[in-house]
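Q: Could you have a look at this structure, given as structure tokens, before my questions?
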Amino acid sequence: MTAMKKKTTIERITTGVRNLDALLNGGFPRGSTTIVGGTPGAGKTTLVQQICFHQASPEQRVLYFNTLSEPTAKSLRYMSQFAFFDRARLTNGIEFVDLGMIVRTQSVDEVSLLVMGHLKRVKPTIVVIDSFKVFEDLTTSREELRKFTYELAINLMAWEATTFLIGEYGAQEIQNNPLFSIVDGLVMVTQRIESGEQQRFLQIVKMRGTAHSRDEHPFVIGRDGVAVFAPRVTIRREDRSPSGPRCKTGISKLDELLGDGIPLGSSLLIAGVAGTGKTMLSLEFVYRGAQRGEKGIVFSFEETEERLRASARGLGWDIDREIERGMIEIVFIPQPEIQVEAHLEMMRERIEALGAKRVALDSVSVFLHKVQSPQVAREKTFQIASLVQNAQAVGFLATDIPYGQDLISRFGVEETVVDGVIVLSSTSEGLERQRYLEVYKLRNTAHLKGRHDMLIGEGGITVFPRYDATASAPRSAAGKSTRRPAARVASGVPGLDALLGGGLLEGSATFIAGSAGIGKSTLGMQFLLEGSRLKEPGLFVSLEESPEQLRAMAKSLDLALDAAVDDGLVDIVYLARERVRPNQVLAMLTDKIGEQKTRRLVLDGASHLLSELAAPSEHRQLVDGLVSRLKELGVTGVLTFETHVLQATGTVTDRGVSPIADNLVMLRYREGERGLAATITVVKTRGSAHDFQTHDVTVGAGGLRVGGSGGAVGRTPKVAKKAKRKRTRSP
Amino acid sequence: MHDEHDHAACVDAWWTRHARAGEPAASLRALERGFRLVWTRAQVTLGDVTLMAIGERVLHDVAEEYPPLAALRIEQMGISCEDLEQDAGALASADLDRALRLVLVELLVVLGRLTGEVLTPVLHAELSVPSDADQESAP
């Protein structure tokens, strides 16, 4: 009784036709009778002959009846061109029988007897009647045709022959031809113009006992015969959770935006209008991966492999080496040759064969350029993402955004099926074009939002994370300051230290504001030279004077800047202010500080950075970002701001950024007895008592000095005296 | 799934009850009766046309191995051994017994394969349940 409860599985015969078995859930049921219908030239005969050659052997014989359609001789000659054709099987596997004569002269009953006679003799596994349509002409009524077909089908079934009845049947006949209700299966092959091209399609309309695909699937007939493409069936997203650490792109600073990295299996749209850098970003993603030991593949539909190689070489990448050592593969498919379904499967095969962990598609919008429907575009994009997901790779899918539209993909639906979107954009600024990168979306990853500057130049792409975004971003433990609370740092100007209550607090930010030529840069140099004396590396970032000018100025003031630079304790970086972009400074400084292990930093001419920005709120964001970053890195900073006023005290920096400073030092002129005299006022110190009085300063040999003629001149600042007494009393 | 061995075992049991060694006539009756039981039960489900086609195939296959069995005929209600009975001498009785038994086995095998063994339990039951007629014809 147990046997009665068991489900029996129907034995199936495989077809040897690419993907057809998958559509049939394993193949044609053994013993079934199937009509293969379609218009002339659609590929019916080739399809069935391919199945026959795949199955034929001395043990599994094939009986192929030709009726009044294609003569056997012709059929054999055409067939011999295909790779599946095997001459040996014609003598020991497939037997062709021409029924032409008997069909012309005898009744269908005679035909039936003849067929049965051959059946008893050969005992075939497969029987083909090509074409069966001829019997519609030979029978005198629908009833006769039905009876003939029924009895033939029964006899073929009794002999367990899997039968294919080929015929020029149209879609309209499915409804009313009795033949279609008798047979077990119906496969229709058609051809029509689709997306501007003549294409072939196969559809399994009916197959008893089989959970088969019911969709139309495109197919091609090539040297290997019929190949059906069915990504909807063959590319199924596997339920896989990320199997390794997240992907770091290796592209300069981009990973800072991407938080912990991109989860494996993710696909990101790289969206932008033409010329925004999509191709280079995708290519560099693959190239950097190869350098890290991750294989990558680029599917390009516009640029040939040689042009991509040339572009890479132009940026200084040794992509040729990575290709030669098998880490990168570039697959170029000319746009006119794109066949979406076929190439989706090709992509799967190539990704699997290479073991690619990085996949770039340039571009998905070109790949799907013949697709007119957003729904189809969405489905195909999902299938591409599934390929990436199943390979546990990371995909960069470039896509063109139409100009002047508020979209981040061509159809406006692709972004819904990918895991992330990076938007590339550019704006015209003066004579230059400024590029931007924005991580618009990245699932399961805390990323930096907003638009960030991006450069493409020697070495590749550099992203400059926006100052305000990075300032608010959580930092790793490694990035935290190690400064000691309340430790003092000598400014290099003893009188100023006295005004500040003993020096600058370590890790603090001091803003020095004053008009041109009053001594701001000199003070900055002294600050670094004091650090140099204490072996604390210092960085002088100048937006005004070149290093040569600074060194000459230092020499004229007997400041040993040259020696400190030669000793490697002071580094001077000059940023031509007409070239520098505020967003890029933060990234550059972070790198430089990391390299030099900077303890003291002077940003001379910070006001020039601010002049690049329009809104006061942006001024505050930039300065706040800079100061926050310096504090995180444990750097004591001095920022100088040029003011337009010589004497006024109603404003300090002119920029509304004073609240951000820990120490605010104002350099101003006053009317002296013999003309203008420079003064210094400590307007603010955070966390420390200080002297509010204005003191004269002089700039001469040895630099800036507090004290001189007039005002509070000549007196030791009160705060310093108090602080000294306090230290003396302390145990 | 039933295999050929199951069908052979079922037919062996039937043959033991209904055929007699060295008596061709008894073997022919055993085939006719067994064939008819299976036929009648399967006819309800499969219909005449299908059963006739299957029967023809079975006889064709067995006759290839035992040519004298080409004298057997498929009829509306089963199998006719009349012509073979006339020519029983063509086979040694031991071979005849084996050949006739094979006809019944092949019928069950083909029916089983074509129906996914769905009918096999009831067809085996037909041959397994003793009837009054069995008592009469018991050797």
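Residue numbers (the numbering used here), protein chains in the order written: chain U, 285 to 1015; chain E, 61 to 199.
No residue lacks a Cβ here, since even glycine has one placed at the ideal position from N, Cα and C.
For U:S805, which of U:L923, U:G315 and U:S391 has the nearest alpha-carbon?
A: Your numbering for residue 805 of chain U matches position 521 in the first sequence. Among U:L923, U:G315 and U:S391, the Cα nearest to that of U:S805 belongs to U:L923.
Q: Please name the residue in U:T700, U:K733 and U:S792 whose C-alpha comes closest to that of U:R750.
A: As a working note, residue 750 of chain U is residue 466 in the first sequence. Checked all of U:T700, U:K733 and U:S792; the closest Cα to U:R750 is U:K733.
Q: Are U:L449 and U:V467 touching if we call contact CB-CB under 8 Å?
A: Here residue 449 of chain U is taken as the residue at index 165 of the first sequence, counted from 1. Here residue 467 of chain U is taken as the residue at index 183 of the first sequence, counted from 1. Yes. Within cutoff.
Q: Applying a beta-carbon distance threshold of less than 9 Å, which residues of chain U neighbour E:T110?
A: By 1-based counting over the second sequence, the position of residue 110 of chain E is 50. Chain U residues near E:T110: I438, M441 and A442.
Q: Below 8 Å between beta carbons is the criterion; list the residues of the region 167–186 of chain E that meet it against any residue of chain U, in chain order.
A: Per Cβ criterion, the list reads V170, R173, L174, G176, E177, V178, T180 and P181.
Q: DSSP state of U:L691, grouped into three classes?
A: Taking the first sequence and counting its residues from 1, the one referred to as residue 691 of chain U is at position 407. Coil at U:L691, not helix or strand.
Q: Could you say which of U:V301, U:I685 and U:R524 lies nearest to U:F368 if we only look at CA atoms?
A: What you label residue 368 of chain U is simply residue 84 of the first sequence in a count that begins at 1. Closest option to U:F368, Cα to Cα, is U:V301.
Q: Would you mind giving the Cβ-Cβ distance between U:A675 and U:I617, rounded to the nearest angstrom? I have them listed as a contact below 8 Å.
A: Here residue 675 of chain U is taken as the residue at index 391 of the first sequence, counted from 1. Here residue 617 of chain U is taken as the residue at index 333 of the first sequence, counted from 1. Actually they are not in contact, since the Cβ atoms of U:A675 and U:I617 sit about 19 Å apart, beyond 8 Å.
Q: Using the C-alpha atoms, what's the distance from U:A574 back to U:E601?
A: Within the first sequence, residue 601 of chain U is the residue found at index 317, counting from 1. Within the first sequence, residue 574 of chain U is the residue found at index 290, counting from 1. The sequence given here has Trp at residue 601 of chain U, not Glu. Whole-angstrom Cα-Cα distance: 11 Å.
Q: Which residues mark the beginning and the end of the beta strand (DSSP E) in which U:D888 is found?
A: Translated into the one-based positions of the first sequence, residue 888 of chain U becomes position 604. Its beta strand (DSSP E) spans residues R884 to D888.
Q: Would you say U:I294 reaches chain E, if we count a Cβ-Cβ gap shorter than 8 Å as a contact?
A: Counted from its first residue, the first sequence places residue 294 of chain U at position 10. It does; some Cβ of chain E falls within 8 Å.
Q: Roughly how many angstroms lie between the CA atoms of E:V170 and E:R101, to the nearest whole one?
A: For this step, residue 170 of chain E is matched to residue 110 along the second sequence. For this step, residue 101 of chain E is matched to residue 41 along the second sequence. So the alpha carbons of these two residues sit roughly 15 Å apart.
Q: Rounded to whole angstroms, what is the Cα-Cα separation between E:A69 and E:E124?
A: Reading the second sequence from its first residue, position 9 is the one you call residue 69 of chain E. Reading the second sequence from its first residue, position 64 is the one you call residue 124 of chain E. Rounded to whole angstroms, E:A69 to E:E124 spans 23 Å at the Cα level.
Q: Out of U:Q656, U:A782, U:R609 and U:T329, state which residue places its alpha-carbon closest to the alpha-carbon of U:T356.
A: Translated into the one-based positions of the first sequence, residue 356 of chain U becomes position 72. Selected option, being the one with the closest Cα: U:T329.
Q: List, from N- to C-terminal side, the beta strand (DSSP E) runs of 3 residues or more that fit wholly inside the region 823–890 of chain U.
A: For the region 823–890 of chain U, whole beta strand (DSSP E) runs of length 3 or above, ordered along the chain, are 854–858 and 884–888.
Q: Return yes when the Cβ of U:S693 is within less than 8 Å of the Cβ of U:L553, no when it is not.
A: What you label residue 553 of chain U is simply residue 269 of the first sequence in a count that begins at 1. What you label residue 693 of chain U is simply residue 409 of the first sequence in a count that begins at 1. Yes, they are a contact pair.
Q: Buried or exposed for E:M137, please, with buried defined as at least 16 other CB atoms from any protein chain shown within 10 angstroms of its CB.
A: Position 77 of the second sequence, counted from the first residue, corresponds to residue 137 of chain E. E:M137 should be labelled exposed.
Q: Name the two residues that bound the continuous alpha helix (DSSP H) containing E:Q146.
A: Here residue 146 of chain E is taken as the residue at index 86 of the second sequence, counted from 1. From DSSP, the alpha helix (DSSP H) with E:Q146 extends over E142 to Q146.
Q: Under 7 Å, CB to CB, which of the residues in the region 118–135 of chain E have a partner in chain U?
A: The region 118–135 of chain E vs chain U, Cβ under 7 Å: H120.
Q: Are at least three pairs of beta-carbons, each pair with one atom in the region 795–803 of chain U and one in the region 830–839 of chain U, less than 8 Å apart?
A: With the cut-off at 8 Å, the region 795–803 of chain U and the region 830–839 of chain U do not touch.
Q: Out of curiosity, what's the CA-to-CA distance linking U:P547 and U:A860?
A: For this step, residue 547 of chain U is matched to residue 263 along the first sequence. For this step, residue 860 of chain U is matched to residue 576 along the first sequence. Rounded to the nearest angstrom, the two C-alpha atoms are 39 Å apart.
Q: Leaving out the 5 sequence neighbours to the left and right, which residues in its chain are closer than 7 Å to U:H627 when beta-carbon positions are compared?
A: For the purposes of this step, residue 627 of chain U is identified with residue 343 of the first sequence, where counting begins at 1. So the list reads I617, once near-sequence residues are dropped.
Q: Under 7 Å between beta-carbons, which chain U residues line up against E:A113? List them in chain order, please.
A: Translated into positions along the second sequence, residue 113 of chain E becomes position 53. What E:A113 touches in chain U: I438, N439 and A442.
Q: My guess is that U:R719 and U:S710 are in contact by the Cβ rule of under 8 Å, so how many angstroms apart are they, rounded?
A: Locating residue 719 of chain U in the first sequence gives position 435, counting from the first residue. Locating residue 710 of chain U in the first sequence gives position 426, counting from the first residue. The Cβ separation is near 5 Å, so the contact holds.
Q: Give a yes or no on whether 8 Å exceeds the smallest Cβ distance from U:E428 to chain E.
A: Within the first sequence, residue 428 of chain U is the residue found at index 144, counting from 1. No, U:E428 does not count as interfacial toward chain E.
Q: May I have the straight-line CA-CA distance separating E:Q103 from U:H496, to the nearest angstrom?
A: In the second sequence, the residue the question calls residue 103 of chain E occupies position 43. In the first sequence, the residue the question calls residue 496 of chain U occupies position 212. Going from the Cα of E:Q103 to the Cα of U:H496 covers about 31 Å.
Q: Cα-Cα, which of E:H184, E:V189 and E:E142 is closest to E:A85?
A: Locating residue 85 of chain E in the second sequence gives position 25, where the first residue counts as 1. Out of E:H184, E:V189 and E:E142, E:E142 has the C-alpha closest to the C-alpha of E:A85.
Q: Report yes if the C-beta distance between U:V332 and U:A340 is below 8 Å; otherwise report no.
A: By one-based count along the first sequence, residue 332 of chain U stands at place 48. By one-based count along the first sequence, residue 340 of chain U stands at place 56. Against a cut-off of 8 Å, the Cβ pair of U:A340 and U:V332 comes out as no contact.
Q: Any beta carbon from chain E within less than 8 Å of U:G311's own beta carbon?
A: Within the first sequence, the letter at position 27 stands for residue 311 of chain U. Output row for U:G311: interface = no.
Q: Checking 8 Å against the spacing of the C-beta atoms, do E:L88 and E:L160 come in under that value?
A: Numbered from its first residue, the second sequence carries residue 88 of chain E at position 28. Numbered from its first residue, the second sequence carries residue 160 of chain E at position 100. Yes; because the gap between Cβ atoms is below 8 Å, this pair is in contact.
Q: Let me know the secondary structure DSSP gives U:Y720 once reduced to three states.
A: As a working note, residue 720 of chain U is residue 436 in the first sequence. If DSSP states are grouped into helix, strand and coil, U:Y720 belongs with the strands.
Q: Just to confirm, are U:N439 and E:A113 a CB contact at a threshold of 8 Å?
A: Counted from its first residue, the first sequence places residue 439 of chain U at position 155. Counted from its first residue, the second sequence places residue 113 of chain E at position 53. Yes, the pair counts as a contact, with Cβ atoms nearer than the cut-off.
Q: How would you write the range of the beta strand (DSSP E) that U:R642 sits in, first residue to last?
A: Sequence index remark: in the first sequence, residue 642 of chain U carries index 358 (1-based). Run containing U:R642: R642 to D646, per the beta strand (DSSP E) assignment.
Q: DSSP three-state label for E:G94, please.
A: As a working note, residue 94 of chain E is residue 34 in the second sequence. DSSP places E:G94 in helix when its eight states are reduced to three.
Q: Can you confirm whether U:G469, when its beta carbon is compared against all beta carbons of chain E, has any partner nearer than 8 Å?
A: Residue 469 of chain U sits at position 185 when you count from the first residue of the first sequence. No - not a single Cβ of chain E is within 8 Å of the one on U:G469.
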